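Engineer: Numbered continuously in numbering that gives the first Met the number 0, the sequence shown closes out at residue 360.
Encoded as C-alpha cells, here's the structure I'll be asking about.
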Amino acid sequence: MANYPAVRNAIGFLTKGGGSATVSINATNAWLMFGFAAPDDTFTDFLVYASDLVGTPAAADVTATLYACDSEGSPSGGAVAGPVNCDSTPAIGWLSWSGFSYACTPGIQYAVVLKNLHGTPASNYIKVTYATTTIPLYITSTIQIGYTKKLSTDGGSTWGSVAVGVAGPRFGFTSTKRGLPFNSISNGAVGYGVYSAREFGSRFTSQANGILRVRGLCVCMGAKSGSPTGNKRLRLYEGTTWKRDTYDILAVVTNQDLLMGTFSSVYEMAPNTLHRITLGETTQSDSSSNRYNATFYTIHNDAASRSMMSFGDMHATYLNGTFADTTTDIVPVGLILDDGAGEFAPYGMKFHPGMNGNFNG
Numbered sequence: 000m001a002n003y004p005a006v007r008n009a010i011g012f013l014t015k016g017g018g019s020a021t022v023s024i025n026a027t028n029a030w031l032m033f034g035f036a037a038p039d040d041t042f043t044d045f046l047v048y049a050s051d052l053v054g055t056p057a058a059a060d061v062t063a064t065l066y067a068c069d070s071e072g073s074p075s076g077g078a079v080a081g082p083v084n085c086d087s088t089p090a091i092g093w094l095s096w097s098g099f100s101y102a103c104t105p106g107i108q109y110a111v112v113l114k115n116l117h118g119t120p121a122s123n124y125i126k127v128t129y130a131t132t133t134i135p136l137y138i139t140s141t142i143q144i145g146y147t148k149k150l151s152t153d154g155g156s157t158w159g160s161v162a163v164g165v166a167g168p169r170f171g172f173t174s175t176k177r178g179l180p181f182n183s184i185s186n187g188a189v190g191y192g193v194y195s196a197r198e199f200g201s202r203f204t205s206q207a208n209g210i211l212r213v214r215g216l217c218v219c220m221g222a223k224s225g226s227p228t229g230n231k232r233l234r235l236y237e238g239t240t241w242k243r244d245t246y247d248i249l250a251v252v253t254n255q256d257l258l259m260g261t262f263s264s265v266y267e268m269a270p271n272t273l274h275r276i277t278l279g280e281t282t283q284s285d286s287s288s289n290r291y292n293a294t295f296y297t298i299h300n301d302a303a304s305r306s307m308m309s310f311g312d313m314h315a316t317y318l319n320g321t322f323a324d325t326t327t328d329i330v331p332v333g334l335i336l337d338d339g340a341g342e343f344a345p346y347g348m349k350f351h352p353g354m355n356g357n358f359n360g
C-alpha cells in the first residue's frame, strides 16, 4: 500500500508521461489539426513547435485556420476564422499565429488547422512536434472533447485517426491561455540522473490561502538505466530544508509511470511557501550507469506558458550537493491530500464554512 496508495484527492501535474511525434506538412492537401474545447472567451492566437524546416517557406505559406468540429471531433463546414499567416518567417522553434479574433461558443470543440500554401510544398515545409498521452490525469480528453490531433491527406475531405491527450500547442484567448506548450519529453538524461545522493524533481510555491494536509507525494518516473540497487523514495523539502520521506517504493517498480508514496503521518504544508518534491534512492551508492530517471518536459519559455503549469511556477530542480533549478524543464509532481481528517487544516476564516475541512464535506 505504500507503493500505490488508494488516492481520492490529489493535486498537481499528474501525468504518466508520454512520447513525442512529428508531422510534416509537405503537401497542399496535408492539413494538420489540433483540437480544443472552447471556454467562454475570444480566440486570439495559436502557438506550436516546429522541430525541423525544409526549404524556405515564407510566413504566408504556413497558415492557420479555425474551424468548428463535428461530433467526431473533425473540422466541419467552412472556416469560422482565418486563414492567418504565420507571425514570422518559419524557422526551427516556436511559431505563432496571432491574427485571430473569434468569440467561441463555450463547450464546443474547435480545431486550428495548419496548411502549406507554398507552390512546391514537397520541398518547402515545416515539421510540427506534438506529444501524446501527456494530459494530466484530471483532464478529460475524448474524441469529441479535449486536446486532440488529426491529419487529413485530402484537404479536409476525410481525417485520419485521432490522437487524444495531446500536448505541444498553446491556444490563446483574450483572458487566458490553454493547452500544454511542451516541445520535448525526456525519460533518461544522465545529467538529471537519480543515483548516489542525487535527486531530481520540481519546485513550486504552495497555495496562497489555506494549509494543505499532505498525506503523500507523486512523481512521474522514466525508465531506469542499468541496475540501481536502492529502492526509490519521494522526498519533500520546504525551500532547501528536508521535511518528509515517503515509505520506500520497491526497486522492482521500474516502468515509466506516476509513482505514488505516502508518509508515516500527515504533513501540514505552509501556504505561499517554496517547496520541492524529488525522486531519490535509498542506498546512495550507485553510479550514473545504474540510476533512476524522472520524466521531464521542456516548456515554451515565456511567462504566459510557464504560468499555465500546476501551482503557477513549477519548474525542475536537481540536487547534487546543492539544489539547481531549471526554468524551462518540468518534472510532473503532485500532492496526495489527506482524506481522513480532511485536506485542509484550520486557517482563520479562509474557507467557506460548508467545506468542513475537506473536499468531501
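Quick reminder that beta carbons are idealized off the backbone N, C-alpha and C, glycines included.
Here the structure is a predicted model, which means the values were calculated and not measured.
Within 10 Å of its beta-carbon, does Glu71 have 16 or more other beta-carbons around it, so buried, or fewer, so exposed?
Structural biologist: As a first step, residue 71 is located in the sequence shown; it is residue number 72 there, counting from the start. Result: exposed.
Engineer: Kindly indicate which three-state DSSP category Pro82 falls into: helix, strand or coil?
Structural biologist: On the sequence shown, position 83 is the one that residue 82 refers to. Reduced to three states, the DSSP call for Pro82 is strand.
Engineer: Restricting to runs no shorter than 3 residues, where is the beta strand (DSSP E) found entirely within the segment 299-327?
Structural biologist: Within the segment 299-327, the complete beta strand (DSSP E) runs of at least 3 residues are 314-319 and 321-325.
Engineer: Do you know whose CA, among Asp69, Ala80 and Ile125, lies nearest Asp60's CA?
Structural biologist: Residue mapping note: residue 60 aligns to position 61 of the sequence shown, counting from 1. Checked all of Asp69, Ala80 and Ile125; the closest Cα to Asp60 is Ile125.
Engineer: Hey, Val22 and Val163: beta-carbon distance below 8 Å or not?
Structural biologist: For the purposes of this step, residue 22 is identified with residue 23 of the sequence shown, where counting begins at 1. For the purposes of this step, residue 163 is identified with residue 164 of the sequence shown, where counting begins at 1. Not closer than 8 Å, so no.
Engineer: Kindly list the residues whose CB is nearer than 6 Å to the CB of Val53, restricted to its own chain and excluding five residues on each side of it in sequence; keep chain order.
Structural biologist: Residue numbering aside, residue 53 sits at position 54 when the sequence shown is read from its first letter. So the qualifying residues of the chain are Tyr124.
Engineer: Within 10 Å of its beta-carbon, does Pro120 have 16 or more other beta-carbons around it, so buried, or fewer, so exposed?
Structural biologist: As a first step, residue 120 must be located in the sequence shown, where it is residue number 121. Result: buried.
Engineer: What runs of the beta strand (DSSP E), each 3 residues or longer, lie entirely inside the segment 48-76?
Structural biologist: Counting whole runs of 3 or more residues, the segment 48-76 contains the beta strand (DSSP E) stretches 61-67.
Engineer: How would you call Trp30, buried or exposed, if buried means at least 16 neighbouring beta carbons within 10 angstroms?
Structural biologist: By 1-based counting over the sequence shown, the position of residue 30 is 31. Buried, by the Cβ-count rule.
Engineer: Compare the Cα-Cα distances from Ile298 to each of Thr325, Ser286, Val83 and Cys85 and report the closest residue.
Structural biologist: Here residue 298 corresponds to residue number 299 of the sequence shown, with the count starting at 1. If we check each option's Cα against that of Ile298, Thr325 comes out closest.
Engineer: Taking its Cβ as the centre, do 16 or more other Cβ atoms sit within 10 Å of Tyr137, making it buried, or is it exposed?
Structural biologist: As a working mapping, residue 137 is identified with position 138 in the sequence shown. Bear in mind that the predicted position of Tyr137 carries a pLDDT of just 42, short of 50, making it unreliable; the figure below should be weighed with that in mind. By the 10 Å Cβ count, Tyr137 comes out exposed.
Engineer: Could you check whether Asp51 and Pro105 sit closer than 8 Å to each other, using their CB atoms as the reference points?
Structural biologist: Indexing the sequence shown from 1 puts residue 105 at position 106. Indexing the sequence shown from 1 puts residue 51 at position 52. Going by C-beta atoms, Pro105 is not nearer than 8 Å to Asp51.
Engineer: Applying the criterion that 16 or more other CB atoms from any shown protein chain within 10 Å of the CB defines a buried residue, is Gly17 buried or exposed?
Structural biologist: Working through the sequence shown from its first residue, we reach residue 17 at position 18. Per the 10 Å Cβ criterion, buried.
Engineer: I think Pro168 touches Phe33, with their Cβ atoms under 8 Å apart; what is that distance to the nearest whole Å?
Structural biologist: For the purposes of this step, residue 168 is taken as the residue at position 169 of the sequence shown. For the purposes of this step, residue 33 is taken as the residue at position 34 of the sequence shown. 5 Å between Cβ atoms; contact.
Engineer: Helix, strand or coil for Val112? Go by DSSP, reduced to three states.
Structural biologist: On the sequence shown, position 113 is the one that residue 112 refers to. If DSSP states are grouped into helix, strand and coil, Val112 belongs with the strands.
Engineer: How should Leu257 be labelled, buried or exposed, when 16 other C-beta atoms within 10 angstroms of its C-beta is the threshold for buried?
Structural biologist: To locate residue 257, count along the sequence shown from 1; it is residue 258. Buried, because 16 or more other Cβ atoms sit within 10 Å of the Cβ of Leu257.
Engineer: Just tell me which of Ala26, Phe35 and Met220 has its CA closest to the CA of Asp153.
Structural biologist: Position 154 of the sequence shown holds residue 153. Measuring from the Cα of Asp153, the nearest candidate turns out to be Ala26.
Engineer: Gly209: buried (16+ other C-beta within 10 angstroms of its C-beta) or exposed?
Structural biologist: By 1-based counting over the sequence shown, the position of residue 209 is 210. Flag for Gly209 reads buried.
Engineer: Look at the alpha carbon of Asn289 and the alpha carbon of Gly225, and state the distance between them as a whole number of angstroms.
Structural biologist: In the sequence shown, the residue the question calls residue 289 occupies position 290. In the sequence shown, the residue the question calls residue 225 occupies position 226. Spanning the two alpha carbons is a distance of roughly 4 Å.
Engineer: Comparing alpha-carbon positions, which option in Tyr146, Thr147, Ser122 and Gly190 lies nearest Ser286?
Structural biologist: On the sequence shown, position 287 is the one that residue 286 refers to. Nearest C-alpha to Ser286: Gly190.
Engineer: Which ranges does the alpha helix (DSSP H) cover as unbroken runs of at least 4 residues, wholly within the segment 249-298, from first to last along the chain?
Structural biologist: None, since the segment 249-298 contains no complete alpha helix (DSSP H) of that length.
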